[in-house]
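Data block below; observations after.
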Amino acid sequence: MQTDKIRNFCIIAHIDHGKSTLADRMLEYTNTITDRKMKEQVLDKMDLERERGITIKAQAVKIDYKGYELNLIDTPGHVDFVYEVSRSLAACEGAILVIDAAQGVEAQTMANIYLALEHDLEIIPVINKIDLPSAEPDRVKEQLVDIGIDPDEAILASAKEGTNIDLILDAVIDRIPSPYAGNEKPLKALVFDSFYDSYQGVIAYVRIMEGTVKKGDKIMLMSNKKTYEVNEVGYFAPDMTKQNGLTSGEVGYIISGIKDVKNCRVGDTITHANNPASEPLPGYKKVKPMVFSGLYPSDNADYEILKEALEKLQLNDASFTFEPETSEALGFGFRCGFLGLLHMEVIQERLEREYDLDLVITAPSVEYKIIKNNGEELEIENPALFPDANEIDTIMEPFVDAEIHLPEEYVGQAMELCQDNRGQFKDMRYIDQDRVALKYEMPLSEIITDFFNLLKSKTRGYATLDYELKGYKESNLVKLDILVNNEIVDALSTIVHDENSYHIGNHLTRKLKEVIPKHMFKIPIQAAVGGKIIARVNIPALRKNVLQKCYGGDITRKRKLLEKQKEGKKRMKQVGSVEIPQEAFMTVLEQNDAD
Amino acid sequence: MQISNKLSYESEIELSYEKPFGIYIHIPFCANKCRYCDFYSCRYKKSLVEKYFEALFIELENMLSSVQKKLIRSVYFGGGTPSLISSEYIFKILKKIKKNFNYPPNMEITLEANPDSLSQKRLVNYRQVGINRLSLGVQSFDDNILKFLGRKSSSKKNKIKIELVKKYFNNYSLDIIFAVPGQTMDDFCCDLNTAISFSPPHLSLYNLQIEEGTEIYNDLVKGKIKKFDQELDASMYKKAVSLLKDCGYKHYEISNFAKNGYRAIHNYLYWDFTPYLALGPSASGFDGKTRYTNTADLNDYIDMIFKSGFPEREYTVLSLKDLAAEYSFLNLRKKSGLSRLLFKKQFYINFDDLYKEEIKKLMKLELIYEQNGRIFLSERGKLLGNEVFAHFLP
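In the order they appear, the protein sequences are chains R and U.
Note that my numbering gives residue 302 to position 302 of the first sequence, counting from 1, and the numbers run on in steps of one.
If you want my numbering, it's the position in the second sequence, counting the first as 1, plus 595.
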């Protein structure tokens with residue numbers, strides 16, 4: 001294809017603003033997908049993605065329209081995957097910015113615009129869902145002015161009803177520049193996603209930035225200098241369609257017998273082994289997990305199954321890490337690293353759903369940097385492994401810049417919440433008459449507890465949140481231990497700010513009292529910092545548990561009740577002589593509960 | 596014949612009553628639904644009662660082939676509210692039973708009665724047709740508690756009706772519910788003392804179970820009421836046990852107390868692992884190996900009987916381990932405990948072969964103790980019965 005007939009673009013939007021629906025309509029309108037029975041939102045492939053209404057992995061589709069080749073790259077729609085988004089954007093020359101006509105500009109809309117501008121993309125604003133009775137396209141247009149986008153360029157559309165899809169497609173051709181033509185140059189192909197197929201190995205999603213590639217070429221990944229031979233190239237239409245080669249400006253896939261996605265990471269540059277480009281494309285970085293938690297099989301016998309499952313998941317997800325760890329309380333398991341909370345939830349759900357595993361999950365933690373008195377530096381993401389307080393000189397923790405968009409009337413509550421979570425106020429401005437953008441600098445550890453849920457509930461669901469890692473800062477942190485029946489339960493240890501330790505200790509002990517069932521003896525639950533007990537509650541001994549009623553001889557009913565009781569005990573973790581239910585290990589998450 | 600381990604339907608499974616058994620007849624009608632009740636019941640309607648008894652007769656008739664002429668030990672009319680039913684129906688069904696079975700002289704024939712529905716005439720009639728024991732659902736003598744439970748009777752009415760019952764029945768039982776949200780220790784003692792003042796030959800004490808789907812459960816979920824304090828529940832129970840003992844009652848089963856000679860023969864079957872035949876919707880039976888429960892819905896019950904002669908039933912065929920477990924935890928409920936010797940006689944296997952570890956553990960927890968080859972619940976074990984019982988499940 002001639003380069004000037006190619007348009008590469010993505011769709012960016014805040015969650016639920018209709019990105020995937022718009023993509024579906026464009027595919028339908030252009031007959032890219034002829035089967036009328038196409039599943040809603042073709043581009044979101046995983047069940048989980050469809051259920052949650054978000055895209056987890058990027059997807060790419062080639063659309064033929066009016067003699068042009070339009071490559072649509074669908075980007076992940078969540079802040080956890082911001083790096084993946086940035087690579088997808090780097091593969092494009094333009095972006096359709098979808099804004100919900102009723103919701104208006106949201107935190108992620110802003111984040112997406114900044115990203116798009118960073119990549120010098122031509123933005124086509126689309127005000128979607130104009131079919132909704134609550135749609136206010138004029139208000140949204142005013143917001144666009146405020147954020148520096150020409151409202152006259154906005155296209156009013158309803159993806160749901162298929163209104164003005166043609167205008168959007170025409171705009172893609174008219175407004176988005178064609179890619180740079182450089183077939184004669186050495187190959188530079190940007191990997192913007194990859195996935196693992198058990199038959200063909202890694203399938204790399206690429207945008208050819210310069211040069212050409214064809215079957216049989218010897219290629220090299222520039223980050224690790226590993227070389228492979230190309231087995232197949234092609235594009236997605238939307239199914240994989242073999243081609244002789246890909247030329248400058250095109251989007252497609254390369255299969256070359258790579259066995260592990262770790263060797264073909266998002267952001268890497270593919271070049272020719274015998275005529276390599278002088279330097280790789282800018283922007284490659286190895287994404288590092290930001291959130292860590294322990295995953296343990298409920299039944300220790302499932303350890304090997306969990307291990308295999310994690311290995312399989314990792315084949316497809318280079319940003320997810322795991323390594324074995326042992327907990328005195330939970331036995332053998334894995335410390336896993338995730339990009340963020342959503343990423344963590346997605347992986348947990350897949351493990352439980354696809355591998356039928358029953359898991360105990362410890363509360364998420366961030367990676368702390370510790371400088372010991374003797375100058376030794378440590379990076380620790382498992383609170384249980386913290387050194388003794390008297391060995392520590394400095395503790396540093398990751399901070400983020402958080403941007404919250406919300407209606408003006410909830411600003412008070414949101415600010416209070418941010419302050420409660422050690423947020424440092426940075427900025428506040430109006431997006432329009434009644435929506436406000438708040439900026440806070442906050443410790444990441446506060447965000448990954450249930451901050452977002454609380455924010456949602458305090459703002460009746462109207463607040464949106466976006467955050468970006470800023471760097472490490474020193475904090476006055478302490479390790480809070482929980483003792484159950486006088487024994488420290490390592491999996492319940494957590495790192496908290498010194499000032500909050502009493503409050504959190506109190507809250508946690510009371511919360512645990514609610515979730516740990518009564519035993520036949522009294523169980524003290526204590527919170528301790530540096531060996532000093534700061535909070536204590538007792539779970540009184542079980543006094544009475546006997547079914548007195550006879551149910552007219554229905555012994556089976558009685559028995560079912562006993563079976564349920566016994567079954568419930570099986571699903572608990574035995575720590576010393578105490579049986580602790582799985583949810584107890586997550587209560588640490590809810591430490592900010594209003595109480 | 597195909598027998599699945601757990602559930603199977605209809606007449607695939609043949610029941611075989613080899614030992615003497617009791618007969619339970621369910622009367623599913625109520626004047627109104629109590630707020631704590633999760634049993635199947637329907638509003639009393641004369642035409643429906645007529646139809647129901649027709650079906651009941653067919654069910655009994657069709658079961659006869661395997662059990663006719665066998666020795667029965669007791670008959671029990673449970674509900675629902677059997678005391679809503681006119682004595683003619685009771686008479687007819689008892690006549691049929693007596694005609695087709697062997698039975699001991701003075702066989703216990705119990706009818707559950709709601710004080711609200713009793714009149715002198717009714718009592719005389721029941722007595723005449725052969726009922727010789729009444730189980731009275733008094734529940735409380737406290738008007739607030741009665742109201743909370745959704746009982747239509749009042750404290751005053753309950754007292755009057757008990758006096759009336761005493762004129763015609765020397766064998767009767769009072770059901771008392773305790774651990775009702777809001778109830779204090781004093782309230783309970785007052786209730787208990789009132790009950791004792793009638794000197795009933797038998798008392799059943801149940802702590803209120805809040806079952807899913809009941810009105811009280813909904814109140815709990817909505818936060819209108821609070822769960823009853825376990826400590827107070829235990830104190831009330833202990834108080835009752837000691838008070839009733841002082842008044843000459845034998846605590847012969849976890850929830851049951853009787854003066855000498857007035858143990859409930861039918862209820863005792865359940866704990867004693869004696870079989871019982873079940874008739875009527877939602878009734879549960881046991882032939883010694885298989886437990887079954889009839890479909891709960893009255894209309895389904897009637898339809899099925901008219902169609903096929905049998906109601907739809909859920910069967911649970913018990914394995915040896917299941918049987919041993921049930922035998923053990925049921926017997927442990929009794930004052931006389933669990934006899935190792937009788938266990939071996941029943942199952943041809945040593946008790947220790949199955950439960951050695953469990954027994955060791957439970958003894959260490961001081962929930963049970965052993966004396967002369969019998970195992971008993973300790974006082975603490977009686978309060979924590981379910982903790983003990985669960986240990987026997989396979």
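Don't be surprised by glycine CBs; every beta carbon is placed ideally from N, CA and C.
* With a 10 Å radius around its C-beta and 16 neighbouring C-beta atoms as the bar for buried, classify Lys426 of chain R as buried or exposed. => It is exposed - the Cβ of Lys426 of chain R has fewer than 16 other Cβ atoms within 10 Å.
- Message: Can you pull the chain R neighbours of Asp828 of chain U, defined as C-beta to C-beta under 9 Å?
- Response: Near Asp828 of chain U (Cβ distances below 9 Å), the residues of chain R are Arg543 and Lys544.
Discussion item. Taking only three categories from DSSP, how would you classify Pro151 of chain R?
Written reply: Assigned with DSSP and collapsed to three states, Pro151 of chain R falls in helix.
Could you check whether the Cβ of Gly552 of chain R sits closer than 9 Å to any Cβ belonging to chain U? Output row for Gly552 of chain R: interface = yes.
*Option nearest Pro282 of chain R by Cα separation, candidates R:Val266, R:Asn274, R:Gln424 and R:Ala329*: Residue R:Val266 is the option with its Cα nearest to Pro282 of chain R.
*In the DSSP assignment, find the beta strand (DSSP E) that holds Asn373 of chain R and state where it starts and stops.*
Unbroken run through Asn373 of chain R: none, as it is neither H nor E.
Practice item. Give me the Cα-Cα distance between Lys664 of chain U and Tyr950 of chain U, rounded to the nearest whole angstrom. Key: Distance between the alpha carbons of Lys664 of chain U and Tyr950 of chain U: 38 Å.
### Any C-beta of chain U under 9 Å from that of Lys522 of chain R
At a cut-off of 9 Å between beta carbons, Lys522 of chain R makes no contact with chain U.
When you compare the CB of Pro540 of chain R with every CB in chain U, is at least one pair closer than 9 Å? It does; some Cβ of chain U falls within 9 Å.
Problem set entry | Limits of the unbroken beta strand (DSSP E) element including Ser837 of chain U | Segment Gln825 to Asp841 is the alpha helix (DSSP H) holding Ser837 of chain U; no beta strand (DSSP E) there.
- Message: Can you check whether the C-beta of Glu982 of chain U is within less than 9 Å of a C-beta belonging to chain R?
- Response: By this cut-off, Glu982 of chain U is an interface position.
is_contact[Arg571 of chain R, chain U] using C-beta, thresh 9 Å: Chain U, which has no Cβ nearer than 9 Å to the Cβ of Arg571 of chain R, makes this no.
Starting from Gly673 of chain U, find everything on chain R with Cβ-Cβ shorter than 7 Å and list it in chain order. The answer, in chain order, is Gly552.
Output, in chain order, the set of chain R residues within a Cβ distance shorter than 7 Å of Ala587 of chain U.
Summary: the structure shown does not reach residue 587 of chain U, with chain U confined to residues 596 through 989, and so no result is reported for it.
Can you grab the Cα-Cα spacing for the pair Ser611 of chain U / Ser661 of chain U, in whole Å? Rounded to whole angstroms, Ser611 of chain U and Ser661 of chain U show a C-alpha spacing of 7 Å.
| Since Thr911 of chain U meets chain R, which of its residues come closer than 8 Å, beta carbon to beta carbon? | Ordered by position in chain R, the residues that pass the 8 Å Cβ test against Thr911 of chain U are Thr556.
Legend entry - From U:Glu613, U:Gln715, U:Arg728 and U:Pro700, residue whose alpha carbon lies closest to that of His861 of chain U: Nearest option by C-alpha distance: U:Arg728.
inquiry  = Can you tell me whether Ser792 of chain U is helix, strand or coil according to DSSP?
reply    = Three-state DSSP puts Ser792 of chain U in a helix.
Helix, strand or coil for Pro282 of chain R? Go by DSSP, reduced to three states. Annotated three-state conformation of Pro282 of chain R is coil, per DSSP.
Helix, strand or coil for Ala102 of chain R? Go by DSSP, reduced to three states. DSSP places Ala102 of chain R in coil when its eight states are reduced to three.
**Request:** Measure how close the beta-carbons of Met240 of chain R and Gly234 of chain R come, nearest whole angstrom, since I'm counting them as under 8 Å.
**Result:** So it is a contact: roughly 6 Å between Cβ atoms.
Using 8 Å as the threshold, is the region 219–231 of chain R in touch with the region 269–279 of chain R, meaning 3 or more CB pairs across them? Touching, yes.
So, for Gly53 of chain R: in the same chain, excluding its five sequence neighbours on each side, which residues have a beta-carbon less than 6 Å away from its beta-carbon?
Bear in mind that a pLDDT of 48 at Gly53 of chain R, under 50, signals an unreliable position, so the model cannot answer this.
Would Leu43 of chain R be called buried (16 or more neighbouring beta carbons within 10 Å of its own) or exposed? Confidence is the limiting factor: at Leu43 of chain R the pLDDT is only 49, short of 50, which leaves the residue's position unreliable and the question unanswerable from this model.
- Item | Same chain only: Cβ atoms within 6 Å of Ala318 of chain R, ignoring 5 sequence neighbours per side | Excluding residues within five positions, the ones whose Cβ falls inside 6 Å are Val261, Lys262 and Arg265.
Using the Cβ count rule (16 or more neighbours within 10 Å means buried), how would you classify Arg638 of chain U? With fewer than 16 other Cβ atoms from the protein chains shown falling within 10 Å of its own Cβ, Arg638 of chain U counts as exposed.
Report task. Drop a sphere of 10 angstroms on the beta-carbon of Lys762 of chain U, count the other beta-carbons inside from all chains shown, and report buried for 16 or more, exposed for fewer. Result -> A residue is called buried when at least 16 other Cβ atoms come within 10 angstroms of its Cβ; Lys762 of chain U does not meet this threshold and is exposed.
Boundaries of the beta strand (DSSP E) in which Ser682 of chain U is found, first to last residue:
Per DSSP, Ser682 of chain U belongs to no beta strand (DSSP E); it is in the alpha helix (DSSP H), Ser682 to Asn695.
Would you please verify whether the beta carbon of Arg559 of chain R is less than 9 Å from any beta carbon of chain B?
This model lacks chain B altogether, as its protein chains are R and U.
Point to revise | Ser86 of chain R burial status per 10 Å Cβ neighbour count (16 or more: buried) | key: Its Cβ being crowded by 16 or more others within 10 Å, Ser86 of chain R is buried.
Name the residue from R:Glu583, R:Gln574, R:Leu561 and R:Lys569 whose alpha carbon lies nearest to the alpha carbon of Glu806 of chain U. If we check each option's Cα against that of Glu806 of chain U, R:Leu561 comes out closest.
Q) Going along chain U, which residues have a C-beta under 8 Å from Lys549 of chain R? A) Within 8 Å Cβ-Cβ: Tyr801, Gln804 and Ser850.
> When the Cα of Cys10 of chain R is compared with those of R:Lys66, R:Cys92 and R:Ala389, which residue comes out closest?
Replying inline: With distances taken between Cα atoms, Cys10 of chain R lies closest to R:Cys92.
Checklist line | Contact set between Ser879 of chain U and chain R, taken where Cβ atoms lie within less than 9 Å | finding: Those within 9 Å of Ser879 of chain U in chain R are Tyr551, Gly552, Gly553, Asp554, Ile555, Thr556 and Arg557.
Is Lys756 of chain U helix, strand or coil by DSSP?
Helix at Lys756 of chain U.
Note to self: Quick check on Gln825 of chain U - is its C-beta less than 9 Å from some C-beta in chain R?
What the structure shows: With 9 Å as the cut-off, Gln825 of chain U counts as an interface residue toward chain R.
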